[in-house]
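Report on the structure given below.
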Amino acid sequence: MHRKDAENQQSVVPIHREEILKLWYSIDQPKEQIAAFVAWLINSDFFKAPCSTEFHLCRPGGLAEHSLNVYRLLKEKVDRYYLGCTSENPVTASNIIVLGLGHDLCKVHFYVPGYRNVKNDVTGQWERKSVFKVEDQFPMGHGEKSVSILQDYFQLSEIEKLAIRWHMGPWTGGVVEDYATREAYRAGIKRHPLVTLLSTADIEASQILEAD
Ligand SMILES: [Fe+2]
Ligand SMILES: [Fe+2]
C-alpha cells in the first residue's frame, strides 16, 4: 500500500464514537473501571478498524458500525419480543450493551492496512488495491478473546461470558469437529436465551444489514 493510502485509512472520522461511549458509560460497572476501559478503547484502533478483510464492513470504522448494529438488533429483539428474556431469564440494559458493543473486541489490534494485486477485468492490467490484512497482536481466539479483554476491566456475569464466547454460534471454531467444544456450546445455549440471541443478531447484522 502507498503510504498515503495507509494514512487515509487510519485517519477515518469515528462517526459512531459519541453514541458508543455514551452507552459504555451507562453500564452497571464501577465508574473507575468504565473510565479505564474507555481510555483503553479510545487509545485502541476500535473506531478506525474494519470489521473484516473482505466480507462485511471491510472499511475503516466498520468494527464500530457493526458493533452498534448488533447492539441495536439485540436490544430491539429483546424489547419487542422478549424471546425467552423474562423474569426467569432476566436481562438488563447493561447486558445488552456489553454483548452488542463488546462481542467483537477481539478485532481490536487485529487488522492492518495492506495491498493486493488485482486484475482489472476491463483493461486486463494488474492494479494495486488497498486491503486490510490480519496481524493479530493478541492471538487467543475470537469470542474467548473478547471475554478476556472485557475481563481485564470488568467482572462479567456468567451469561455475558457465555454469550460472547459463543457468539459465532455453530460456526464457532471446533463446534463441528470437536466433541468437547460441541457439547460445551450445546450446554451454553441452554443456559440463557441471550446466548442464541447475540449470535443471531450478529448474523442478521453481518449477512443482511451490512451486506453489499
Ligand atoms: Fe465475531
Ligand atoms: Fe460480530
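Note that the working numbering has the sequence shown beginning at 448, numbered continuously upward.
Each residue gets a CB set at the ideal place from its N, CA and C atoms; glycine is no exception.
1. Three Cβ pairs or more, each shorter than 8 Å: is that satisfied between the segment 549-560 and the segment 597-613?
2. Measuring straight from C-alpha to C-alpha, what distance separates Arg-464 and Leu-641?
3. Any idea if Thr-570 is buried or exposed, counting beta-carbon neighbours within 10 angstroms, 16 or more meaning buried?
4. Kindly list the residues whose CB is nearer than 6 Å to the CB of Gly-509, restricted to its own chain and excluding five residues on each side of it in sequence; keep chain order.
5. Under 5 Å from any heavy atom of ligand 2, by CB: list those residues in chain order, please.
6. Is the separation between the beta-carbon of Glu-657 and that of Asn-516 shorter than 8 Å?
7. Ligand 1 and His-614: does the residue's C-beta get closer than 7 Å to at least one heavy atom of that ligand?
8. So, at 6 Å on beta carbons, what are the nonlocal neighbours of His-639 in its own chain, with the 5 sequence-adjacent residues on each side left out?
9. For Glu-574, which three-state DSSP category applies?
10. Going by Cα to Cα distance, which pick from Leu-468, Asp-526, Phe-493, Asp-492 is closest to Ala-482?
Here's the rundown:
1. At 8 Å Cβ cutoff, the stretches touch.
2. Using only the alpha carbons, I get a separation of about 25 Å.
3. Exposed, since its Cβ has fewer than 16 Cβ neighbours within 10 Å.
4. Cβ neighbours of Gly-509 beyond the five flanking positions: Pro-497, Cys-498.
5. In chain order, the hits are Asp-551, Asp-649.
6. Going by C-beta atoms, Glu-657 is nearer than 8 Å to Asn-516.
7. Indeed, a heavy atom of ligand 1 lies less than 7 Å from the Cβ.
8. The answer, listed in chain order, is Asn-536, Ile-606.
9. DSSP places Glu-574 in strand when its eight states are reduced to three.
10. Answer by Cα proximity: Leu-468.
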